[in-house]
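Have a look at the structure below, then the notes.
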Amino acid sequence: MCVTNFVQVISCNLPFKKYQSTLKYQVHIEEERHGDYCLPGFPDRHNFHRLLRILRKHDDGLTSKQLIYDFDYRPSDLEDATKALVTNNLATTTPINEEDYKIQLNTEGIEVADNLLKRRDKITEAAYHTLSENEQRELDRLVNKLIEDYANRDVNYNTLGNICR
C-alpha cells in the first residue's frame, strides 16, 4: 500500500500525529496493552519497538556499535531496549569485546516484529480504506509534493510549533 510511506513521512507533522494517535486508539481499542506490545518492567515501548523493527531487517543481527552509529541510538536507550528484548526472550546477545556485542532476534522476536508491522498496516487501512488505489497514489503524490515544498522553505518548524501551542 503506497500510503504506508505517506504515514511514515508525514508523521513528523504535529496535527497528523494527533490524527494518527486517534486512529491507533480506534484500531487497537480492543487489544490488550500488554504481551507483544508492552513488556513488563519496560515502560518505553517505543524504544524496544524501534529496535525490533531495525533488527527485523537484519537477519544476522547488528552490533551495538552499528546501532549507535548507523541508527543513531543513544547508548542508554540501546541498553534498555536490549535488556527488554533479552529479558523477554525475543533476542539474544553475543559479546564481541568489552564494549561491543551483537544482538539478534530469535524466532519469537521475529514473530513479534512481524506482528508490529501488521499492526501498522491496520492503522493505515483504517485511515485510508475509503480511498481507491488510484486515489491513494494521488494522495501520496500530493503529500510528497507538499512535503518537498515545506522542506525547501527557510522555516524553523520546531520554533513555529512552539509558538503555535
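Anchor point for the sequence shown: position 43 equals 43 in the UniProt record's numbering, and the numbering is continuous, going up by one each time.
Idealized CB from N, CA, C, for every residue including glycine.
Note that the coordinates shown come from a computational prediction; the quantities given were computed from them, not determined experimentally.
Residue burial classification, residue i (beta-carbon count within 10 angstroms, cutoff 16)
| i | result |
| --- | --- |
| VAL112 | buried |
| TYR69 | exposed |
| THR124 | buried |
| ILE163 | exposed |
| ALA91 | buried |
| LEU131 | exposed |
| LEU67 | buried |
| TYR150 | exposed |
Cut-off 7 Å between Cβ atoms - residues of its own chain near residue i, not counting five sequence neighbours on either side
| i | result |
| --- | --- |
| ASP77 | ASN47 |
| LYS145 | none |
| PHE71 | ILE54 |
Cα-Cα separation between residue i and residue j, rounded to whole angstroms
| i | j | result |
| --- | --- | --- |
| LEU116 | THR159 | 33 Å |
| ILE147 | PRO95 | 42 Å |
| LEU105 | THR63 | 12 Å |
| ASN88 | LEU51 | 14 Å |
| VAL86 | ARG119 | 22 Å |
| ASN97 | HIS129 | 50 Å |
| ARG141 | GLU99 | 45 Å |
| GLU135 | ASP154 | 31 Å |
| residue 181 | ILE110 | Residue coverage of the chain in this structure runs from 1 to 165, which leaves residue 181 outside it and unanswerable. |
| VAL143 | ALA84 | 36 Å |
| HIS58 | TYR73 | 16 Å |
| ALA126 | ASN152 | 31 Å |
Contact set for residue i: own chain, Cβ-Cβ below 6 Å, skip 5 residues either direction
| i | result |
| --- | --- |
| THR82 | ILE103 |
| LYS65 | ASP100 |
Proximal residues to residue i (C-beta, below 8 Å), its chain only, five neighbours per side dropped
| i | result |
| --- | --- |
| ASP60 | GLN104 |
| ASP114 | ARG56 |
| ASN156 | none |
Distance CB(residue i)-CB(residue j) smaller than 7 Å
| i | j | result |
| --- | --- | --- |
| THR107 | TYR101 | no |
Which runs of the beta strand (DSSP E), 3 residues or longer, sit entirely within the region 58-116? Fully contained in the region 58-116 are the following beta strand (DSSP E) runs of length 3 or more, in chain order: 91-95 and 101-105.
What alpha helix (DSSP H) runs, 4 residues minimum, are completely inside the region 112-158? Secondary structure within the region 112-158: the alpha helix (DSSP H) runs of 4 or more consecutive residues, fully enclosed, are 133-151 (chain order).
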